[in-house]
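In UniProt numbering, the protein residues as written are 1 to 70.
Set out below in structure tokens:
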């Protein structure tokens with residue numbers, strides 16, 4: 001699924017256009033963000049692609065949803 005990752009005043013945020021859903025990122029598996037999983041406030045866990053550490057935000061990437069607690 002397409003996900004836009006951006007930095008807000010409150011931290012990192014993920015926006016899923018197809019669901020019109022924006023949620024803060026509450027947990028990051030890898031310190032540099034890319035190539036690991038992130039957890040959104042609503043419980044969704046997304047696998048992000050491997051990208052260079054210095055990738056600029058905002059960016060739209062193809063992420064894979066692996067779970068949710070809904």
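Just so it is clear, CB atoms sit at the ideal spot from N, CA and C, and this is done for glycine as well.
For residue 48 and residue 36, the gap between their C-alpha atoms comes out near 6 Å.
Contact between residue 28 and residue 16 does not hold, since the beta-carbon distance rounds to 17 Å and is not under 8 Å.
Counting the other CB atoms within 10 Å of its CB gives residue 5 a total of 16 or more, which places it among the buried residues. Secondary structure at residue 17: helix, using DSSP grouped into helix, strand and coil.
Per DSSP, the unbroken beta strand (DSSP E) holding residue 40 starts and ends at 37-40.
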